[in-house]
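Participant: Mapping the sequence shown onto numbering that gives the first Met the number 0, position 181 (from 1) lands on 180, and the numbers just tick up by one. Note that the Cβ used here is the ideal one computed from N, Cα and C, for glycine as well. Note that this is a predicted model, so its numbers are computed, not measured. To start, I am sharing the structure in question, which I have written as structure tokens.
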Amino acid sequence: MAKSLISRQLILFGILLVGIACTEPKKEIVVPETDLAQEALIPMPLKVIATNSAFALDQYTAIYTSSTEGGIDEVGSFLSSKIQSKTGLRLPVNDTEGSTVDRVIYINQTDELELQENEAYQIYITKDSIILNAKTNEGAFRGVQTLRQIIPEKSNDSLNEHSIWPIPSGKIMDEPNFEFRGVMLDVARHFFSVEEVKKFIDILAYYKINVLHMHLTDDQGWRIEIKSWPKLTEVGGSTEVGGESGGFYTQEEYKEIVDYAAKHHMMILPEVDMPGHTNAASVSYPFLNGNGKSPKLYEGTHVGFSTFDTRKDTVYSFIDDVVREISSISPSPYFHIGGDESHVTKKNDYKYFVERVEKIVQKHGKKMIGWDEVATANIDSTSIAQFWNSMDNARAAADKGMKVILSPAKKTYLDMQYDPLSEYGLHWAAYIPVDSAYVWKPETYCGIPMENILGVEAPLWSETISNSKELEYLAFPRAIGYSELSWSTETNRDWENYKKRLAKQAPFLERMNINYYPSKLIDWEKSEYTIEKIKKD
Ligand code: TNX
Numbered sequence: 000m001a002k003s004l005i006s007r008q009l010i011l012f013g014i015l016l017v018g019i020a021c022t023e024p025k026k027e028i029v030v031p032e033t034d035l036a037q038e039a040l041i042p043m044p045l046k047v048i049a050t051n052s053a054f055a056l057d058q059y060t061a062i063y064t065s066s067t068e069g070g071i072d073e074v075g076s077f078l079s080s081k082i083q084s085k086t087g088l089r090l091p092v093n094d095t096e097g098s099t100v101d102r103v104i105y106i107n108q109t110d111e112l113e114l115q116e117n118e119a120y121q122i123y124i125t126k127d128s129i130i131l132n133a134k135t136n137e138g139a140f141r142g143v144q145t146l147r148q149i150i151p152e153k154s155n156d157s158l159n160e161h162s163i164w165p166i167p168s169g170k171i172m173d174e175p176n177f178e179f180r181g182v183m184l185d186v187a188r189h190f191f192s193v194e195e196v197k198k199f200i201d202i203l204a205y206y207k208i209n210v211l212h213m214h215l216t217d218d219q220g221w222r223i224e225i226k227s228w229p230k231l232t233e234v235g236g237s238t239e240v241g242g243e244s245g246g247f248y249t250q251e252e253y254k255e256i257v258d259y260a261a262k263h264h265m266m267i268l269p270e271v272d273m274p275g276h277t278n279a280a281s282v283s284y285p286f287l288n289g290n291g292k293s294p295k296l297y298e299g300t301h302v303g304f305s306t307f308d309t310r311k312d313t314v315y316s317f318i319d320d321v322v323r324e325i326s327s328i329s330p331s332p333y334f335h336i337g338g339d340e341s342h343v344t345k346k347n348d349y350k351y352f353v354e355r356v357e358k359i360v361q362k363h364g365k366k367m368i369g370w371d372e373v374a375t376a377n378i379d380s381t382s383i384a385q386f387w388n389s390m391d392n393a394r395a396a397a398d399k400g401m402k403v404i405l406s407p408a409k410k411t412y413l414d415m416q417y418d419p420l421s422e423y424g425l426h427w428a429a430y431i432p433v434d435s436a437y438v439w440k441p442e443t444y445c446g447i448p449m450e451n452i453l454g455v456e457a458p459l460w461s462e463t464i465s466n467s468k469e470l471e472y473l474a475f476p477r478a479i480g481y482s483e484l485s486w487s488t489e490t491n492r493d494w495e496n497y498k499k500r501l502a503k504q505a506p507f508l509e510r511m512n513i514n515y516y517p518s519k520l521i522d523w524e525k526s527e528y529t530i531e532k533i534k535k536d
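Pasting the structure below:
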């Protein structure tokens with residue numbers, strides 16, 4: 000604390016010195032009139048108050064953070080690098096010497112914030128400064144995403160002798176409605192490389208998603224190195240749907256993803272799906288198998304035919320090793336055990352299995368998450384159910400005092416087709432056009448109390464997709480809507496208003512080279528790219 004106070008003072012002193020050093024009389028900067036309340040922010044912040052002037056972001060702007068250590072400085076550097084890629088400007092961060100500074104962006108960690116949530120932040124934008132106050136680095140990072148969204152794509156070159164990017168002035172107060180705002184990626188049916196996962200994280204973080212759930216194992220593939228059971232990846236990782244060679248992450252690569260996500264204040268939630276969806280594991284080590292058949296590598300898309308042998312102690316020793324190894328490289332407080340669609344596991348065996356695995360997960364210091372079927376077992380109120388299919392299971396979980404993550408297939412499954420003509424995806428739960436994905440209320444959808452709802456997650460199953468281009472087609476723009484459903488309050492959500500803000504995401508998505516689905520329900524901000532795409536579809 001003392002250290003951070005000292006460095007804060009040093010920086011403010013630095014700003015002062017710089018100010019004094021600039022003895023030349025400054026020309027007044029000219030800014031246009033603006034309206035902060037009309038900005039296309041997604042997710043919609045809690046409160047936005049416009050004051051109709053602007054902060055002139057330009058080459059004489061500098062970023063300072065309240066401390067030069069402890070992570071808040073990294074949030075400052077993150078903002079600087081994103082400003083550079085959007086505008087070409089190179090803003091110094093915590094630079095106390097040299098450069099001419101006319102205006103500052105100050106990112107300030109403070110315990111005194113009117114808002115309560117960990118991720119809360121407030122931004123004050125005036126003609127001369129932008130002050131971003133947050134309780135935590137996480138909150139500061141969320142605020143930085145808001146700032147990124149209100150920096151114009153194009154500079155104003157006509158009002159002054161040099162280019163400025165006018166940022167509308169006013170005040171933003173913001174915090175999330177739900178603490179868990181997730182997207183899931185199935186890397187088991189088709190494998191996605193570390194680089195592909197990182198690109199996905201880049202876009203999700205921009206919309207304040209804070210959990211990437213990775214479905215690491217299934218019948219068609221085992222995707223994470225387990226050092227004590229090497230055949231899982233040697234054999235089980237060798238295939239994927241459709242017969243192409245699969246792939247897997249070494250533990251080092253998994254850590255690389257975890258670290259990359261952490262820099263974006265995002266948690267990687269690991270899932271090892273069991274006792275069903277375990278064919279790849281059973282082919283690697285046949286003693287695990289409990290369906291009475293001899294397991295073979297599987298490249299099709301059926302579900303529900305595999306199961307572990309739930310009555311063998313050696314199976315639990317195996318699971319102990321897997322949970323231990325993954326937990327040791329996973330900072331997430333949760334471990335997801337799957338637990339869905341175990342159609343060939345007898346009911347009592349299923350319950351026995353879930354109850355025993357819950358203890359293993361807890362032994363390794365994690366809270367268990369499972370798909371909603373786990374609520375049929377006698378599990379702790381500290382475990383979490385992920386509602387995808389059965390309202391009864393979701394309600395049973397809430398009755399036990401458990402928290403529930405909402406992933407109703409009819410509303411949030413990113414692998415559902417938009418409509419019968421859209422490429423990729425399935426439609427067993429529903430067709431989910433962009434409006435239907437947005438127009439529902441997590442707060443009341445399955446009739447469980449708000450205090451039992453941990454958040455919302457949109458799963459992207461990968462039976463029909465195998466690369467970034469296809470992934471992006473299904474995920475975007477729908478995932479952007481789920482970010483608003485989980486961050487913004489019910490009173491701040493409105494389809495007619497959202498669809499106008501969504502239309503204005505096109506330039507960002509295009510700059511990021513995202514192959515989003517150009518739904519005709521949205522009047523996309525026209526650019527050559529979108530016009531071309533709409534013509535083709
Ligand atoms: C159901 S949802 C599954 C997945 C499939 C998905 C396809 C859930 C918990 N299980 O195994 O990939 O449908 O949409």
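Please state the DSSP three-state secondary structure of T238.
Facilitator: For this step, residue 238 is matched to residue 239 along the sequence shown. Of the three classes helix, strand and coil, the one that applies to T238 here is strand, per DSSP.
Participant: Beta strand (DSSP E) containing R180: first to last residue?
Facilitator: Translated into the one-based positions of the sequence shown, residue 180 becomes position 181. Its beta strand (DSSP E) spans residues 179-185.
Participant: Just checking Y412 against the ligand TNX - is the residue's beta carbon closer than 7 Å to any of the ligand's heavy atoms?
Facilitator: In the sequence shown, residue 412 corresponds to position 413, counting from 1. It does: the Cβ of Y412 is within 7 Å (strictly closer) of some heavy atom of the ligand TNX.
Participant: Does DSSP classify V402 as helix, strand or coil?
Facilitator: Here residue 402 is taken as the residue at index 403 of the sequence shown, counted from 1. Looking at the sequence shown, residue 402 is not Val but Lys. Strand at K402.
Participant: Check whether the stretch 480-492 and the stretch 206-214 are in contact - that is, three or more C-beta pairs closer than 8 Å.
Facilitator: yes
Participant: Could you pull the DSSP bridge partners for Q108 from this structure?
Facilitator: Taking the sequence shown and counting its residues from 1, one reaches residue 108 at position 109. A133, per the DSSP bridge assignment.
Participant: Check A429 in the structure and name its three-state DSSP category.
Facilitator: One-based indexing of the sequence shown puts residue 429 at position 430. Three-state result, A429: coil.
Participant: Go through its chain and collect everything with a Cβ distance to T22's Cβ below 8 Å, but skip five positions before and after it.
Facilitator: Numbered from 1 along the sequence shown, position 23 holds the residue referred to as residue 22. Bear in mind that a pLDDT of 47 at T22, under 50, signals an unreliable position, so the number given afterwards is only what the model happens to contain. No residues qualify anywhere along the chain.
Participant: By DSSP, does E489 sit in helix, in strand, or in coil?
Facilitator: By one-based count along the sequence shown, residue 489 stands at place 490. Three-state result, E489: helix.
Participant: For R394, is the classification buried or exposed, using 16 other Cβ atoms within 10 angstroms of its Cβ as the cut-off for buried?
Facilitator: In the sequence shown, the residue the question calls residue 394 occupies position 395. Buried, since its Cβ has 16 or more Cβ neighbours within 10 Å.
Participant: T22 by DSSP, collapsed to three states: which one?
Facilitator: Residue numbering aside, residue 22 sits at position 23 when the sequence shown is read from its first letter. Interpretation of T22 is limited by its pLDDT of 47, a score under 50 that renders its predicted location unreliable; no figure is taken from the coordinates.
Participant: May I ask you to check if the CB of W460 is nearer than 7 Å to at least one heavy atom of the ligand TNX?
Facilitator: Within the sequence shown, the letter at position 461 stands for residue 460. Yes, Cβ of W460 sits closer than 7 Å to a heavy atom of the ligand TNX.
Participant: Leaving out five residues on either side along the sequence, give the residues of the same chain with a beta carbon under 6 Å from the beta carbon of G70.
Facilitator: Here residue 70 refers to the residue found at position 71 when the sequence shown is read from its first residue. N136.
Participant: Could you check whether P175 and E539 sit closer than 8 Å to each other, using their CB atoms as the reference points?
Facilitator: Outside the modelled stretch of the chain, which goes from 0 to 536, sits residue 539, for which no answer is possible.
Participant: I want to know whether the stretch 494-501 touches the stretch 413-427 - three or more CB-CB distances under 8 Å.
Facilitator: no
Participant: Going by C-alpha to C-alpha distance, which of Q385, D319, I328 sits closest to G337?
Facilitator: Looking up residue 337 in the sequence shown gives position 338. G337 has its Cα closest to that of Q385, out of Q385, D319, I328.
Participant: Is E495 near the ligand TNX, going by C-beta to nearest heavy atom under 7 Å?
Facilitator: Within the sequence shown, numbered from 1, the residue matching residue 495 stands at position 496. No - the ligand TNX has no heavy atom lying nearer than 7 Å to the Cβ of E495.
Participant: Excluding the five sequence neighbours on either side, which residues of its own chain have a C-beta within less than 7 Å of the C-beta of I464, listed in chain order?
Facilitator: Taking the sequence shown and counting its residues from 1, one reaches residue 464 at position 465. Counting only Cβ-Cβ distances below 7 Å, and skipping sequence neighbours, we find H189, Y423, L470, L473.
Participant: Identify every residue that forms a DSSP beta bridge with E270.
Facilitator: As a first step, residue 270 must be located in the sequence shown, where it is residue number 271. H214, H335.
Participant: Between which two residues does the alpha helix (DSSP H) harbouring M250 extend?
Facilitator: Counted from its first residue, the sequence shown places residue 250 at position 251. A small fix is needed here, since residue 250 is Gln in this sequence, not Met. DSSP places Q250 in the uninterrupted alpha helix (DSSP H) bounded by 250-262.
Participant: Quick one, which of K226, E27, P165 has its alpha-carbon nearest D156's?
Facilitator: Residue mapping note: residue 156 aligns to position 157 of the sequence shown, counting from 1. Answer by Cα proximity: P165.
Participant: Is A279 near the ligand TNX, with its Cβ less than 7 Å from a heavy atom?
Facilitator: By one-based count along the sequence shown, residue 279 stands at place 280. No, the beta carbon of A279 sits no closer than 7 Å to any heavy atom of the ligand TNX.
Participant: Quick one: grab the DSSP three-state call for K366.
Facilitator: Indexing the sequence shown from 1 puts residue 366 at position 367. The answer is strand: DSSP assigns K366 an E or B state.
Participant: Mind reading off the beta-carbon distance from L231 to V186? Whole number of angstroms is fine, and I expect it under 8 Å.
Facilitator: To locate residue 231, count along the sequence shown from 1; it is residue 232. To locate residue 186, count along the sequence shown from 1; it is residue 187. Wrong, their Cβ atoms sit about 14 Å apart, outside the cutoff.
Participant: For the ligand TNX, is there a heavy atom less than 7 Å away from the beta-carbon of A408?
Facilitator: Against the sequence shown, residue 408 aligns to sequence position 409. Look at A408: its beta carbon is less than 7 Å from one of the heavy atoms in the ligand TNX.
Participant: Are at least three pairs of beta-carbons, each pair with one atom in the stretch 124-134 and one in the stretch 80-92, less than 8 Å apart?
Facilitator: no
Participant: Comparing the CB of L470 with every heavy atom of the ligand TNX, is any distance shorter than 7 Å?
Facilitator: On the sequence shown, position 471 is the one that residue 470 refers to. For L470, the CB stays at least 7 Å from every heavy atom of the ligand TNX.
Participant: Which of the three DSSP states, helix, strand or coil, is assigned to A119?
Facilitator: Along the sequence shown, one-based indexing puts residue 119 at 120. It is coil, neither helix nor strand.
Participant: Report the partner residues of R102 according to the DSSP bridge assignment.
Facilitator: Residue numbering aside, residue 102 sits at position 103 when the sequence shown is read from its first letter. T60.
Participant: Kindly give me the distance between the Cβ atoms of D101 and Y63, rounded to whole angstroms, as I take these residues to be in contact under 8 Å.
Facilitator: Translated into the one-based positions of the sequence shown, residue 101 becomes position 102. Translated into the one-based positions of the sequence shown, residue 63 becomes position 64. Rounded, the Cβ-Cβ distance is 14 Å, inconsistent with contact.
Participant: Alpha carbons only, please: which of A139, N93, R147, I48 is nearest the one belonging to K81?
Facilitator: Taking the sequence shown and counting its residues from 1, one reaches residue 81 at position 82. Per the Cα distances, R147.
Participant: Less than 8 Å between the beta carbons of G241 and E195, yes or no?
Facilitator: Taking the sequence shown and counting its residues from 1, one reaches residue 241 at position 242. Taking the sequence shown and counting its residues from 1, one reaches residue 195 at position 196. Not in contact: G241 and E195 (Cβ atoms no closer than 8 Å).
Participant: Along the chain, where does the alpha helix (DSSP H) containing V506 start, and where does it finish?
Facilitator: Taking the sequence shown and counting its residues from 1, one reaches residue 506 at position 507. Contrary to the premise, residue 506 reads as Pro rather than Val in this sequence. Start and end: 505-510.
Participant: Based on DSSP bridge pairs, tell me the residues matched to K46.
Facilitator: Residue mapping note: residue 46 aligns to position 47 of the sequence shown, counting from 1. According to DSSP, which records beta bridges pairwise, K46 is partnered with M172.
Participant: Using the Cα positions of A261 and M511, report the straight-line distance between them to the nearest angstrom.
Facilitator: Against the sequence shown, residue 261 aligns to sequence position 262. Against the sequence shown, residue 511 aligns to sequence position 512. Between A261 and M511, the C-alpha separation is close to 20 Å.
Participant: Under a three-way DSSP split, which group does L453 fall into?
Facilitator: Within the sequence shown, residue 453 is the residue found at index 454, counting from 1. The answer is strand: DSSP assigns L453 an E or B state.
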